[in-house]
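**Student:** Numbering (the numbering used here), first residue to last: -3 to 261.
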C-alpha cells in the first residue's frame, strides 16, 4: 500500500531508540523527510544513520538534539523541520517512561517530573507545531503512549496515572484542531525494545534465564499471539495513521499489544 506521504515533513520526538526510532524509520521508508530527536548526541547520530540506511531514496533524515522538558529546546526542535524542509506535516510524540515504582515509593518530585516529561512535552510540541500542521491542507499528530492507560500495570503507578492525561489531550486535540489536523494515539504493549532487551540480559546474568530466547519466551507467555512486538509493527502503524490512507481515523487510542490487555475498549 502506498501511504502517499513521500515528500512530506515529519518530526518524531524521543526517536534515538525504541519505538520513536521505529516510527521515524517507517516514515522515512515511505519517503517522508524526517527530523529525529534525542538528548544524547552520539546515540542520536547513530539513530540518524540507521534510519537513513532504510529510508526511501527521496527521503532526507536529520537529527536535532533537544531536551523535551526544556520549553526553549522544544520550540527550537519544532522549528527544525520547518527550516529544513519548508513546513511540518506530521508530528509524532514519544518520551521515555518514568521509573517503575509502587505508589508509596513515589515522591512529589517524581510525580511532577513524570508529568513534565510525559504530558508537558506533548503540550509544548503541539502548541508550537499546530499552526504549521494546520497550514497547506492540514497534517497529523500521533502520540505514542502506553497500554497502561487501558489496563494498569503493576508497579508502574506513574505511567498508569500520568499517561492518561496524554490520551485525554489527544482526544481533545482531535476535536479542537479539526478538520485540518487529525490526532490519534497508539498504546504499545511489550515490544522488543532496547529496554526489554536489557531486562532480559539482566535476567540471564541473575540466573533467571539460560538464554536470550528463553527470556523472550517468558516475557511473551501472557501474550495471545505468543511473541513480543517488533518495534516496526508499531512504527508502520504510526506511518499509516500519519497518512491519507487513515483519513477517517481521528481521536483513536489504538492498542498494539498482541491482544495482551483484557480491556474491552
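Where a beta carbon is used, it is the ideal one built from N, C-alpha and C, also for glycine.
#1: DSSP has residue 97 in a bridge; who is on the other side?
#2: Where do the ends of the alpha helix (DSSP H) carrying residue 250 lie?
#3: Only counting the same chain, and skipping five residues up and downstream in sequence, which positions put a Cβ closer than 8 Å to that of residue 312?
#4: Assign residue 223 to one of three DSSP states: helix, strand, or coil.
#5: According to the Cβ coordinates, are residue 31 and residue 76 closer than 8 Å?
#6: Could you give the first and the last residue of the continuous alpha helix (DSSP H) run that contains residue 117?
#7: If residue 177 and residue 135 are in contact, beta carbons under 8 Å, what's the gap, nearest whole angstrom?
#8: Using only alpha-carbon positions, find the residue among 113, 228, 166, 208 that is nearest to residue 50.
#9: Using only CA atoms, which one of 112, 195, 61 lies nearest to residue 34?
#10: Helix, strand or coil for residue 1 per DSSP?
#11: Go through the region 8 to 77 residue by residue and report every complete run of the alpha helix (DSSP H) that reaches 4 residues or more, in order.
#12: I'd like to know whether the C-beta atoms of residue 126 and residue 173 end up nearer to each other than 8 Å.
#13: At the level of alpha carbons, what is the spacing between residue 68 and residue 8?
**Tutor:** On the basis of the supplied data:
#1: Residue 97 sits at position 101 when you count from the first residue of the chain shown. In the DSSP output, where bridge partners are listed per residue, residue 97 has 152.
#2: Walking along the chain shown from the start, residue 250 turns up at place 254. No alpha helix (DSSP H) holds residue 250; the beta strand (DSSP E) holding it covers 249 to 252.
#3: Residue coverage of the chain in this structure runs from -3 to 261, which leaves residue 312 outside it and unanswerable.
#4: Along the chain shown, one-based indexing puts residue 223 at 227. Coil.
#5: Looking up residue 31 in the chain shown gives position 35. Looking up residue 76 in the chain shown gives position 80. Against a cut-off of 8 Å, the Cβ pair of residue 76 and residue 31 comes out as a contact.
#6: Position 121 of the chain shown, counting from 1, holds the residue named residue 117. Per DSSP, residue 117 is one residue of the alpha helix (DSSP H) stretching across 117 to 130.
#7: As a working mapping, residue 177 is identified with position 181 in the chain shown. As a working mapping, residue 135 is identified with position 139 in the chain shown. A Cβ-Cβ distance of about 6 Å is found for the pair residue 177 and residue 135, placing them in contact under the 8 Å criterion.
#8: For the purposes of this step, residue 50 is identified with residue 54 of the chain shown, where counting begins at 1. Residue 50 has its Cα closest to that of 228, out of 113, 228, 166, 208.
#9: On the chain shown, residue 34 is found 38 positions in, with the first residue counted as 1. For residue 34, the nearest C-alpha among the options comes from 61.
#10: In the chain shown, the residue the question calls residue 1 occupies position 5. In the structure shown, residue 1 adopts coil according to DSSP, grouped into three states.
#11: Considered as a whole, the region 8 to 77 harbours 14 to 25, 37 to 50 as its complete alpha helix (DSSP H) runs of no fewer than 4 residues, in chain order.
#12: Within the chain shown, residue 126 is the residue found at index 130, counting from 1. Within the chain shown, residue 173 is the residue found at index 177, counting from 1. Annotated as proximal: residue 126 and residue 173, with beta-carbon spacing under 8 Å.
#13: For this step, residue 68 is matched to residue 72 along the chain shown. For this step, residue 8 is matched to residue 12 along the chain shown. Going from the Cα of residue 68 to the Cα of residue 8 covers about 17 Å.
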